[in-house]
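Numbering follows the UniProt record's numbering, in which position 37 of the sequence shown is assigned residue number 37; successive positions increment by one, without gaps.
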Amino acid sequence: MPPLPVRTVLWRTQAPFLVTLAVALVAGAVTEAGPTWPYVAAGVAAACATAATGLLVSRLGEGVLIGGAVVHMVVVAGVDYASWPTTPSMVGLMMLPALHLSYGFRARRGPYLLAVGVPPILTALALGSSRAVAATWASAAVQILALVAVATVVYLSARHAWLQRVQLQQALLEARAAVNTAQVVADAIETGVTYYDTAGRVEVRNKAMTGFAQRAGYDAETVSAQHIYQSDQVTPVDLGEQPMERMLRGDMVDHDLFYLGPPGDQRAVTFTTTKLDGLAGPAGWVLAAHDVTDLVNAITTREEMILTFTHELRTPLTSIIGFAEMLQDTLDLEELGIARPVEVIHRNATHLSTLVQMLLQAGIEAQAEPHFAPTDVGDIVRESVASFQPKAAGRGITLEAGTPIGDTRAEVDHLRIRQVLDNLVSNALKYPPAGTTTRVLVEGTPDHVRVRVVDQGPGIDPQDLPQLFQRGFRSVTARRTATQGMGLGLAIARDIARAHSGEVTMVNNPDGGTTFTLELPRHPNVQTADAAAGDQATYSSALT
Numbered sequence: 001m002p003p004l005p006v007r008t009v010l011w012r013t014q015a016p017f018l019v020t021l022a023v024a025l026v027a028g029a030v031t032e033a034g035p036t037w038p039y040v041a042a043g044v045a046a047a048c049a050t051a052a053t054g055l056l057v058s059r060l061g062e063g064v065l066i067g068g069a070v071v072h073m074v075v076v077a078g079v080d081y082a083s084w085p086t087t088p089s090m091v092g093l094m095m096l097p098a099l100h101l102s103y104g105f106r107a108r109r110g111p112y113l114l115a116v117g118v119p120p121i122l123t124a125l126a127l128g129s130s131r132a133v134a135a136t137w138a139s140a141a142v143q144i145l146a147l148v149a150v151a152t153v154v155y156l157s158a159r160h161a162w163l164q165r166v167q168l169q170q171a172l173l174e175a176r177a178a179v180n181t182a183q184v185v186a187d188a189i190e191t192g193v194t195y196y197d198t199a200g201r202v203e204v205r206n207k208a209m210t211g212f213a214q215r216a217g218y219d220a221e222t223v224s225a226q227h228i229y230q231s232d233q234v235t236p237v238d239l240g241e242q243p244m245e246r247m248l249r250g251d252m253v254d255h256d257l258f259y260l261g262p263p264g265d266q267r268a269v270t271f272t273t274t275k276l277d278g279l280a281g282p283a284g285w286v287l288a289a290h291d292v293t294d295l296v297n298a299i300t301t302r303e304e305m306i307l308t309f310t311h312e313l314r315t316p317l318t319s320i321i322g323f324a325e326m327l328q329d330t331l332d333l334e335e336l337g338i339a340r341p342v343e344v345i346h347r348n349a350t351h352l353s354t355l356v357q358m359l360l361q362a363g364i365e366a367q368a369e370p371h372f373a374p375t376d377v378g379d380i381v382r383e384s385v386a387s388f389q390p391k392a393a394g395r396g397i398t399l400e401a402g403t404p405i406g407d408t409r410a411e412v413d414h415l416r417i418r419q420v421l422d423n424l425v426s427n428a429l430k431y432p433p434a435g436t437t438t439r440v441l442v443e444g445t446p447d448h449v450r451v452r453v454v455d456q457g458p459g460i461d462p463q464d465l466p467q468l469f470q471r472g473f474r475s476v477t478a479r480r481t482a483t484q485g486m487g488l489g490l491a492i493a494r495d496i497a498r499a500h501s502g503e504v505t506m507v508n509n510p511d512g513g514t515t516f517t518l519e520l521p522r523h524p525n526v527q528t529a530d531a532a533a534g535d536q537a538t539y540s541s542a543l544t
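Structure, rendered in structure tokens:
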């Protein structure tokens with residue numbers, strides 16, 4: 001521990017002694033016997049020497065303080081004896097030095113033993129020299145016992161307080177070490193992490209998040225970033241829609257994609273927020289940011305390559321189909337013995353052309369922006385169900401459109417929502433056996449319109465659920481039954497729904513079959529929808 005200031009030490013060690021000395025001198029001066037001045041002079045000299053030593057305590061350490069307290073008691077005893085040689089009462093005057101020894105010096109045992117051992121010895125010496133009577137001995141014994149009791153209580157209390165202080169200091173050191181370790185670990189990861197308290201103040205921030213904040217031109221006073229853009233990399237994100245503001249409002253931020261940095265020097269970053277709950281209530285928020293620039297670039301390159309390849313494949317496939325049809329129309333292929341091979345060429349080329357067209361359509365849908373208009377979603381449901389009645393009848397499946405429940409109007413893109421429903425209904429007719437029923441139900445809630453497509457098929461294998469909406473994924477059931485498809489329908493349906501600020505979800509029914517649910521807000525967040533239209537088909541589909 002660092003030494004106490006000189007004035008503090010002087011006050012604690014010398015002031016009690018000087019006060020008791022002054023009282024003894026005044027009391028002795030007014031008695032009939034009068035003090036024995038040689039003893040008094042010696043006591044005064046000792047007092048001055050102790051006081052002078054106290055001034056140097058900051059350099060001499062605790063040993064001087066302990067010795068000074070013992071000298072106090074000796075001087076008090078000497079002056080007291082010189083003032084009252086027949087009835088000394090020095091025990092009470094030695095209480096202050098004894099308490100100082102018991103309480104101070106980190107509650108060590110040595111000073112405490114001096115506090116309870118020196119006064120009895122000095123008292124016995126003084127009483128033995130003064131020829132005191134039995135009553136004086138009894139009175140002194142009572143005072144000694146009281147001093148020892150008080151000093152012991154003070155010592156035990158001080159020791160307990162000191163041990164608590166040591167434990168608290170140790171806990172504080174461990175907590176600081178844990179915080180430092182956590183900070184080092186946080187700084188070592190590439191994901192940016194910031195912990196905010198319930199008032200929105202930053203408690204912990206790692207180096208990665210500091211770098212993101214600097215790139216975005218984040219201003220802590222206004223809690224806003226200057227260079228944060230939507231998926232088009234040009235449109236600034238409004239203050240109220242920036243991740244920090246949304247987090248403090250309590251809105252969910254889940255892998256939302258933004259571009260940070262001035263135009264020409266931007267990085268694609270996803271943000272996610274997590275609310276922390278403590279024992280007494282909310283404990284703050286954690287904002288995480290991850291640089292996905294390389295991933296977004298790779299996905300964009302992949303999509304561009306797919307579109308390029310499909311464009312290049314379409315022309316030769318058209319030629320192959322055309323020549324195959326010309327052969328079928330102009331020659332007697334049966335007579336030539338090549339009817340079967342030409343038919344196989346035509347069928348497979350047509351199938352390949354269909355797959356190419358699906359890939360092209362998927363690319364177009366990923367880049368198209370929805371055109372919102374007030375629409376009755378119930379009407380779209382009836383249109384879709386009517387268009388699939390022939391297919392359902394051909395498979396022996398009953399396809400029903402339920403009666404709309406509540407207000408089913410919303411601001412949607414009619415054509416694109418029709419495409420979502422067509423994909424969901426088509427999917428619900430692929431796997432159920434003949435004799436089953438597929439129902440399409442629509443209902444309105446105060447804020448949403450919800451469409452459910454319920455089938456009685458085999459359901460989805462649990463191992464397929466995490467990848468069900470990935471582009472190109474085909475379930476175990478689809479592979480086992482050799483059902484035609486490229487695994488694009490559900491991915492496109494989900495992307496269109498998210499472009500409407502909505503979602504497509506799926507659950508297995510307890511009694512068999514599946515339920516796909518399309519949920520659409522009545523009034524989509526246009527800013528969020530525009531962003532989703534631009535990046536959901538690329539980034540989100542890769543992360544699902």
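Every residue, glycine too, gets a C-beta built ideally from N, C-alpha and C.
Y259 places its beta carbon 8 Å or farther from that of Q242. Pairing E400 with R439 gives a Cβ-Cβ distance under 8 Å. For the set R340, H371, K207, G322, the Cα lying nearest the Cα of T350 is the one of G322. Taking the CA atoms as reference points, L441 sits about 11 Å from V385. The three-state reading of DSSP puts G513 in coil, since its state is none of H, G, I, E or B. Residue V356 holds the alpha-carbon nearest to the alpha-carbon of F309 among N348, D329, A339, V356. The beta carbon of G435 is closer than 7 Å to those of G396 in its chain, skipping five residues each way along the sequence. For T308, the enclosing alpha helix (DSSP H) has its first and last residue at 293–330. A buried status is given to L287, since no fewer than 16 other beta-carbon atoms sit within 10 Å of its beta-carbon.
Y218 carries a strand assignment under DSSP once its states are collapsed to helix, strand and coil. 8 Å or more divides the Cβ of L127 from the Cβ of A146. Bridge partners of G444 according to DSSP: V449. With a threshold of 16 other beta carbon atoms within 10 Å, L173 falls short and is exposed. Note that the segment 399–415 does not touch the segment 462–470; fewer than 3 beta-carbon pairs, one per stretch, sit closer than 8 Å. One thing to note: E411 has its Cβ within 8 Å of the Cβ of R522. For D256, the number of other beta carbons within 10 angstroms of its own is at least 16, and it is reported as buried. Scanning its chain for C-beta atoms nearer than 7 Å, with the 5 sequence neighbours on each side dropped, one finds around D187 the residues N206, K207, in chain order.
The residue from L125, G67, T152 with its alpha-carbon nearest to that of S102 is T152.
A residue is called buried once 16 or more other Cβ atoms fall within 10 Å of its Cβ, and N297, having fewer, is exposed. Less than 8 Å divides the Cβ of L122 from the Cβ of A77. Runs of the beta strand (DSSP E) spanning 3 or more residues and lying entirely within the segment 377–430 occur at 398–401, 409–412, in chain order. For H346, the secondary structure class from DSSP, reduced to helix, strand or coil, is helix. Taking all protein chains in view, the Cβ of T194 is crowded by 16 or more other Cβ atoms within 10 Å, so the residue is classified as buried. By DSSP's assignment, Y195 forms a beta bridge with V204, V286. Leaving aside the five residues that flank H100 on each side, the residues in its chain whose CB is nearer than 6 Å to its CB run, in chain order, A69. At a Cβ-Cβ threshold of 8 Å, H346 and T375 do not count as neighbours. Contact between N423 and I492 holds, with the beta-carbon distance rounding to 6 Å and staying under 8 Å.
Under DSSP, S224 takes part in a beta bridge, and its partners are D219. M73 is positioned such that its CB atom lies closer than 8 Å to that of P97.
The C-beta of I189 has fewer than 16 other C-beta atoms within 10 Å across all chains shown, which makes the residue exposed. Contact between Q230 and V237 is confirmed by a C-beta separation of about 6 Å, below the 8 Å threshold.
Within the same chain, R106, A107 come within 6 Å of W162 by CB-CB distance, once the 5 residues on both sides are set aside. Cα atoms of P282 and A499: separation of roughly 32 Å, rounded to the nearest angstrom. Between L421 and V451, the C-beta gap is smaller than 8 Å, which places the two residues in contact.
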